[in-house]
Amino acid sequence: MLNKFLNLDRQYRQPTGLLGRYIGRQMARDHLPENEWTVELLQPRPDDHILEIGFGPGVAIEQLTHHVPQGRIVGVDFSRAMVAAAGRRNAQVIKRGQVALHWADVTQLPLGDASFDKAYSIHSIYFWPQPEKALREIKRVLKVGGLLVLTVLPKEKWGTDNLATPVGTPEC
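For any residue, its number in this note's numbering is found by taking its place in the sequence shown, counting from 1, and adding 941.
Laid out in structure tokens, this is it:
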């Protein structure tokens, strides 16, 4: 009932306004295990060019900056609120050019062909209205032999309508 009233599904897909900022803070806290696990799976090298799709509050990007000091990390997100939040979190590395953030749809990435060694997305593929088109677009921007990591949370582990219920997967 509360979910329908607040339209939480839409807010998790594209956070906006005050509730969106709150959800962004919740994502940063609740999804820390998945962010750390995904960064580990990427096995980032110092000079990698890495793309994150649906970066939310920018926690994984922040973690990657420590592993990729000579490389570049680019993020795209469909939520202006999350672009702003991740921009605040990563302001210093954006200023020095190590990170760039874009407001964009995954089906129309504003990026060049074969630009990235690796790409990843954490908890966002189920919000993509056209996942096949999105995956083709990600393939376009990945270099030949590039790595794609998609981290998802099985539906049976999703939180309930209770906002106090943790959403993360601590057993990762």
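Each residue gets a CB set at the ideal place from its N, CA and C atoms; glycine is no exception.
Exercise for the section: Take Gly1087 as the anchor and find which of Pro987, Ser1056 and Arg1030 has the nearest alpha-carbon. Expected result: Proximity to Gly1087 across Pro987, Ser1056 and Arg1030 peaks at Ser1056, based on C-alpha coordinates.
Problem - Euclidean distance between Cα positions of Val1009 and Phe1068 - result: In a straight line, the C-alpha of Val1009 is about 28 Å away from that of Phe1068.
Exercise for the section: Rounded to whole angstroms, what's the CA-CA distance from Gln984 to Glu993? Just pull it up for me. Expected result: 14 Å
Exercise for the section: Kindly identify the DSSP beta-bridge partner or partners of Glu993. Expected result: Gly1016 and Tyr1061
Practice task
Could you pull out every residue in the same chain whose Cβ sits closer than 7 Å to the Cβ of Asp1046, ignoring the five residues on either side in sequence?
Solution key: Phe1019
Practice task
List the DSSP bridge partners of Val1040.
Solution key: The partner list for Val1040 (beta bridge, DSSP) reads Ile1014.
Problem - Own chain residues within Cβ distance below 8 Å of Thr1006, not counting five before or after - result: Ile1014, Asn1031, Val1034, Gln1039 and Val1040
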